[in-house]
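Asks: Quick one: this structure, given as structure tokens, is what I'll be asking you about.
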Amino acid sequence: MNATLYSAAFPTTFRSLDHRNFSALCSDIQNPGYVDYHSNSNKSTSQASLFLRSDSTNRSNVVLGGALCVNPSGRRNLVGPASYSVETSAYDVASLESPSHVAEEKVGVLLLNLGGPETLNDVQPFLFNLFADPDIIRLPRLFRFLQRPLAKLISVLRSPKSKEGYAAIGGGSPLRKITDDQALAIKMALEAKGISSNVYVGMRYWYPFTEEAIQQIKRDRITRLVVLPLYPQFSISTTGSSIRILEHIFREDAYLSKLPVSIINSWYQREGYIKSMGNLIQKELQSFSEPKEVMIFFSAHGVPVSYVEDAGDPYRDQMEECIFLIMQELKARGISNEHTLAYQSRVGPVQWLKPYTDEVLVELGQKGVKSLLAVPVSFVSEHIETLEEIDMEYKELAIESGIKNWARVPALGVTPSFITDLADAVIEALPSATAMYAPTSISEDVDHDPVSYFIKIFCGSILAFILFLSPKMIMAFRNQVI
Ligand SMILES: C=CC1=C(C)c2cc3[nH]c(cc4nc(cc5[nH]c(cc1n2)c(C)c5CCC(=O)O)C(CCC(=O)O)=C4C)c(C)c3C=C
Ligand SMILES: [Fe+2]
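Positions 48 to 529 (the numbering used here) are the ones given, in order, by the sequence shown.
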């Protein structure tokens, strides 16, 4: 390890100090890696963290760490020895001058992703895990006891269609391999920035499961963890679901509940990500004979409308802002092509975010659009939705609809500028890691009254039978393209 992180907490009376002048106060310190300041209204303290990188060329002269203490008179003190160590618990003002509890730091980064079946035999159990997630099929309370039987039913109904898709891309999802590659690339990018870390992969619905990754984090005695979901935008159904699992596991465990954790909920607005997307689009536009005539077609994975409109999922807003930022970046490079956003991969009988990708493609063809560049925008790796749904199904539909020239931007994968930016996101998140202790939105649906429990089960079963076994429902899960 060749980096040091110190944190200091001080009372809110110091709050007039903002991020900029806090950073300025640090300016005479050698080789600062990252300086973070934030106030915590709940705890009536403000947190200041100074993260210093080592300099491999001149190690002996480099200040490796320090916490900056600022007192009301504006005097500043750099606290802490230059050593490979970290203070993980916040100081109170009295102890700021002498850090006594310095322990060895082991940084962990947990990458969260969806996971995918590796063989065709995995498809149905993978789908079962997915549909058994209450963040994917959000049943009303009365029906919650039906989550698993329903997941079984839907997974069996859907698996022939899904298997076809996975068979078309080689018999399984490439997501595990790509995520492992991304993990290694992030580890190396952090190493290059002077931070030694263990990077873990935790999948939500297939191996390696998030639970396994957390067990490994425990075994490795990680002392500070950054959680980085590999979804640029937040959705209840993706990042939200994975974090719910994390919170559940962490709350139950003595070691994990005290582990300082920093969760990066979304990162679609990061400059490095936007620029990397801009690079991919700019490059791919050059493959057309008339680049200026090409419609840039952003295709995002959809979610049911009720997530956004009833449950407050910020996914659509973040997606729209993300597209705006990418287009701004392109404009700054003199690229002002027309663009549009549509949502793909809907499944089941409910309304999903509109407009739907398949419908928009047909409309664009009818309107006379001849050249189209598809840009998958909700994932950063190739998988069934890009390789099969976009490259095969949507391409075919577009050509049938009159679009003559078609290309797709590849997923970011391990693009160096993107990986470097994720490493920076991790570094920026490190100082604000705190123990995950707050109760979560997980409601423990334990029904203590046996009579009301029986009535619920009885009424729920009848309603469910009528609803879920209707032919319309079965067709919706079986036939729609995800
Ligand atoms: C931002 C990304 C994603 C959102 C939002 C999302 C929501 C969501 N997905 C389903 C149902 C399925 N998704 C499936 C595959 C799949 N989904 C995502 C990403 C998001 N899902 C990815 C990256 C993948 C591919 C994984 C892989 O195997 O490579 C599938 C399985 C595929 C199939 O059957 O064709 C289903 C089913 C719902 C219901 C939902 C929101 C509620
Ligand atoms: Fe999905």
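Heads up, the beta-carbon is just placed ideally off N, CA and C, and yes, glycines get one too.
Evaluate GLN365 with the Cβ neighbour count: other Cβ atoms within 10 Å of its Cβ, from every protein chain shown; 16 or more gives buried, anything less gives exposed.
Replies: The count along the sequence shown starts at 1 and reaches residue 365 at position 318. GLN365 should be labelled buried.
Asks: Which term fits GLN280, buried or exposed, when burial requires 16 or more other beta carbons within 10 angstroms of its beta carbon?
Replies: As a working note, residue 280 is residue 233 in the sequence shown. So GLN280 counts as buried.
Asks: State yes or no: is the C-beta of SER464 nearer than 7 Å to some heavy atom of ligand 2?
Replies: Numbered from its first residue, the sequence shown carries residue 464 at position 417. Incorrect: SER464 has no Cβ contact closer than 7 Å to ligand 2.
Asks: When DSSP labels each residue in this structure, what does GLY1 get in the three-state scheme?
Replies: Absent from the structure is residue 1, since the part of the chain shown begins at 48 and ends at 529.
Asks: When every heavy atom of ligand 2 is checked, does at least one fall within less than 7 Å of the C-beta of SER383?
Replies: In the sequence shown, the residue the question calls residue 383 occupies position 336. Answer for SER383: no, Cβ out of range of ligand 2.
Asks: Buried or exposed: GLY412, going by 16 or more other Cβ atoms within 10 Å of its Cβ?
Replies: Here residue 412 is taken as the residue at index 365 of the sequence shown, counted from 1. It is buried - the Cβ of GLY412 has at least 16 other Cβ atoms within 10 Å.
Asks: Along the chain, where does the beta strand (DSSP E) containing ARG455 start, and where does it finish?
Replies: Taking the first residue of the sequence shown as 1, we reach residue 455 at position 408. Segment 452-455, the beta strand (DSSP E) holding ARG455.
Asks: Entirely within the stretch 193-264 and at least 3 residues each: give me those beta strand (DSSP E) ranges in chain order.
Replies: Complete beta strand (DSSP E) runs here, min 3: 244-250.
Asks: Is SER425 near ALA358, with beta carbons less than 8 Å apart?
Replies: Here residue 425 is taken as the residue at index 378 of the sequence shown, counted from 1. Here residue 358 is taken as the residue at index 311 of the sequence shown, counted from 1. No; because the gap between Cβ atoms is not below 8 Å, this pair is not in contact.
Asks: Should ARG195 be counted as a contact of ligand 1 given a C-beta to heavy atom distance under 7 Å?
Replies: One-based indexing of the sequence shown puts residue 195 at position 148. No, the Cβ of ARG195 stays beyond 7 Å of every heavy atom of ligand 1.
Asks: Quick check: the stretch 374-385 against the stretch 328-340, are at least 3 beta-carbon pairs closer than 8 Å?
Replies: Judged by Cβ distances under 8 Å, the stretch 328-340 makes contact with the stretch 374-385, as three or more pairs qualify.
Asks: Answer yes or no: the CB of THR285 versus the heavy atoms of ligand 1, is any distance below 7 Å?
Replies: Looking up residue 285 in the sequence shown gives position 238. THR285 Cβ: within cutoff of ligand 1.
Asks: Considering only DSSP beta bridges, list what TRP399 is partnered with.
Replies: As a working note, residue 399 is residue 352 in the sequence shown. In the DSSP output, where bridge partners are listed per residue, TRP399 has PRO351.
Asks: Please classify PRO196: is it buried, with 16 or more other beta-carbons within 10 angstroms of its beta-carbon, or exposed?
Replies: Start at 1 with the first residue of the sequence shown, and residue 196 comes out as number 149. With fewer than 16 Cβ atoms within 10 Å of its Cβ, PRO196 is classed as exposed.
Asks: Which residue from LYS199, LEU388, GLU152 puts its Cα closest to that of PHE374?
Replies: Taking the sequence shown and counting its residues from 1, the one referred to as residue 374 is at position 327. The displayed chain sequence assigns Met, not Phe, to residue 374. If we check each option's Cα against that of MET374, LEU388 comes out closest.
Asks: Let's test the definition: count the other Cβ atoms within 10 Å of the Cβ of SER209 and tell me whether it reaches 16, buried, or not, exposed.
Replies: If you number the sequence shown from 1, residue 209 lands on position 162. Under this definition SER209 is a buried residue.
Asks: Just how far apart, CA to CA, sit GLY162 and TRP253?
Replies: Locating residue 162 in the sequence shown gives position 115, counting from the first residue. Locating residue 253 in the sequence shown gives position 206, counting from the first residue. C-alpha separation (whole angstroms): 5 Å.
Asks: Select from ILE183, SER202, ALA214 the residue whose C-alpha is nearest the C-alpha of LEU434.
Replies: Working through the sequence shown from its first residue, we reach residue 434 at position 387. For the residues ILE183, SER202, ALA214, the minimum Cα distance to LEU434 belongs to ALA214.
Asks: Determine which residues share a DSSP beta bridge with TYR315 and list them.
Replies: Stepping through the sequence shown from its first residue, residue 315 is reached at position 268. Beta-bridge pairing links TYR315 to no other residue.
Asks: Beta carbon of SER392: closer than 7 Å to some heavy atom of ligand 2?
Replies: Position 345 of the sequence shown, counted from the start, is the residue given in the question as residue 392. At least one heavy atom of ligand 2 is nearer than 7 Å to the Cβ of SER392, so yes.
Asks: From which residue to which residue does the alpha helix (DSSP H) around SER289 run?
Replies: Taking the first residue of the sequence shown as position 1, residue 289 is located at position 242. Its alpha helix (DSSP H) spans residues 288-299.
Asks: What is the DSSP secondary structure of MET342, reduced to helix, strand or coil?
Replies: Mapped onto the sequence shown, residue 342 falls at position 295. If DSSP states are grouped into helix, strand and coil, MET342 belongs with the strands.
Asks: Can you tell which of THR481, MET483, ALA476 has its C-alpha closest to the C-alpha of LEU275?
Replies: As a first step, residue 275 must be located in the sequence shown, where it is residue number 228. Comparing Cα positions, the closest option is ALA476.
Asks: Give me the residue from GLY325, ASP405, ALA301, ILE269 with the minimum Cα distance to ALA458.
Replies: Along the sequence shown, read from residue 1 onward, the residue named residue 458 stands at position 411. Looking at the Cα atoms, GLY325 is the closest of the given residues.
Asks: For GLN333, name the three-state secondary structure that DSSP assigns.
Replies: In the sequence shown, counting from the first residue as 1, residue 333 sits at position 286. If DSSP states are grouped into helix, strand and coil, GLN333 belongs with coil.
Asks: Buried or exposed: which applies to GLU258, given that a residue is buried once 16 or more other Cβ atoms fall within 10 Å of its Cβ?
Replies: Indexing the sequence shown from 1 puts residue 258 at position 211. Burial call: exposed.
Asks: Considering Cα atoms alone, identify which of VAL350, LEU189, ARG205 is closest to GLN171.
Replies: Against the sequence shown, residue 171 aligns to sequence position 124. Nearest option by C-alpha distance: ARG205.
Asks: Go ahead and label VAL397 buried or exposed: buried means 16 or more other beta carbons lie within 10 angstroms of its beta carbon, across all protein chains shown.
Replies: One-based indexing of the sequence shown puts residue 397 at position 350. It is exposed - the Cβ of VAL397 has fewer than 16 other Cβ atoms within 10 Å.
Asks: Under the assumption that LYS417 contacts GLU340 (Cβ atoms under 8 Å), give the Cβ distance between them as a whole number of angstroms.
Replies: On the sequence shown, position 370 is the one that residue 417 refers to. On the sequence shown, position 293 is the one that residue 340 refers to. Yes, they are in contact, since the Cβ atoms of LYS417 and GLU340 sit about 7 Å apart, within 8 Å.
Asks: The alpha helix (DSSP H) spanning SER448 covers which residue range?
Replies: As a first step, residue 448 is located in the sequence shown; it is residue number 401 there, counting from the start. Run containing SER448: none; DSSP gives neither H nor E here.
Asks: Helix, strand or coil for THR270? Go by DSSP, reduced to three states.
Replies: By 1-based counting over the sequence shown, the position of residue 270 is 223. Reduced to three states, the DSSP call for THR270 is coil.
Asks: Please determine, among ARG271, GLU151, PRO478, ALA472, the residue with the shortest C-alpha to C-alpha distance to SER313.
Replies: Here residue 313 is taken as the residue at index 266 of the sequence shown, counted from 1. Out of ARG271, GLU151, PRO478, ALA472, ALA472 has the C-alpha closest to the C-alpha of SER313.
Asks: Is the distance from the Cβ of VAL456 to the Cβ of LEU277 below 8 Å?
Replies: For the purposes of this step, residue 456 is identified with residue 409 of the sequence shown, where counting begins at 1. For the purposes of this step, residue 277 is identified with residue 230 of the sequence shown, where counting begins at 1. Result no, Cβ atoms of VAL456 and LEU277 do not sit closer than 8 Å.
Asks: Inspect the beta-carbon positions of SER309 and SER479 and report whether they are closer than 8 Å.
Replies: Numbered from its first residue, the sequence shown carries residue 309 at position 262. Numbered from its first residue, the sequence shown carries residue 479 at position 432. Yes. Within cutoff.
Asks: How long is the line joining the alpha carbons of SER220 and VAL394, rounded to whole angstroms?
Replies: Mapped onto the sequence shown, residue 220 falls at position 173. Mapped onto the sequence shown, residue 394 falls at position 347. Approximately 19 Å between the Cα atoms of the pair.
Asks: Taking the beta carbon of ASN176 as the centre, do at least 16 other beta carbons fall within 10 Å, making it buried, or is it exposed?
Replies: For the purposes of this step, residue 176 is identified with residue 129 of the sequence shown, where counting begins at 1. Burial call: buried.
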